[in-house]
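To convert, count from 1 in the sequence shown and add 34; that's the numbering used here.
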Amino acid sequence: SIGRLSTEKIIFIGASTGGTEATKELLINLPPDCPAVVITQHMPPGFTKSYAARLDGLCKIRVAEARDGERILPGHAYIAPGGFHLSVERSGANYIARVQDGEPVNRHKPSVEVLFKSAARVVGPNALGIMLTGMGADGAKAMKELRDAGSYNYVQDEASCVVFGMPREAINAGAAHEVLPLTQIAPKLIERLRSTSGLSTNRV
């Protein structure tokens, strides 16, 4: 067990082309006591609810479409609804999901940039960033901001990507701590959480 200290961490995932399967592969391997997972996967409106429900049936953690204003809890994954931006906010000792309409960012809504920028702003060193397969560059620069704010970042390697776009751009931006095959990301992540949870600094 990773232990209750995992409550302080949040895992952020950005993905696009090929990402629905990549995200599934990653989430299926996470234990029920893992930290909260917040996901922006480029998807059109109408598809994310059934996608979340499918993952919920396959995973040990709970998976649902994010709802505006809900508290972000360990052992749960929150997926950006198609056609809306997802970000996180701090509210006292808690983190809250923000689901908002707005202009597309990097031609995307939801946009990974919006999620990762919010993570850099309010989660910082308690964040773990993951960039999975996808076309384009959405979220790459924001992932570097996340790293600069103290996060630890994983990027999917070229060989295991359907499209090595967003991951390549994230690597080029200097955002990656580790570049790994998809099947290695969950094990490395869990290993890191187990080794660092005992050293976790208390939230102020």
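Virtual Cβ for every residue (Gly too), placed ideally from N, Cα, C.
Strictly by DSSP, which residues pair up with residue i?
i	result
S121	R132
H142	V139
V213	V189
F198	G168
For residue i and residue j, which I take to be in contact (beta-carbon distance under 8 Å), what is that distance rounded to the nearest angstrom?
i	j	result
L89	V97	4 Å
E179	A154	4 Å
I130	V139	The Cβ separation is near 20 Å, so there is no contact.
G48	L162	About 12 Å; that fails the 8 Å criterion.
A176	K151	5 Å
G158	G184	5 Å
G168	G53	6 Å
R124	D102	Contact doesn't hold; Cβ gap of about 15 Å is too wide.
G126	G170	Wrong, their Cβ atoms sit about 36 Å apart, outside the cutoff.
A100	A114	6 Å
Does DSSP classify residue i as helix, strand or coil?
i	result
M165	strand
V157	coil
K178	helix
A204	helix
K151	helix
K222	helix
T235	Below a pLDDT of 50, predicted positions are generally treated as unreliable, and T235, at 44, falls in that range; no measurement from the model is reported.
Is residue i close to the ligand FAD? I mean its beta-carbon at under 6 Å from any heavy atom of the ligand.
i	result
S121	Among the components modelled here there is no ligand, and therefore nothing to report on the ligand FAD.
Can you give, in chain order, each stretch of the alpha helix (DSSP H) that sits fully within the stretch 45-122 and has at least 4 residues?
-> When DSSP assignments are scanned along the stretch 45-122, the uninterrupted stretches of alpha helix (DSSP H) that are 4 or more residues long and fall wholly within it turn out to be 53-62, 82-92.
Would you say the stretch 188-198 touches the stretch 215-232, given that touching needs at least three Cβ pairs under 8 Å?
-> With contact defined as three or more Cβ pairs closer than 8 Å, the stretch 188-198 and the stretch 215-232 are in contact.
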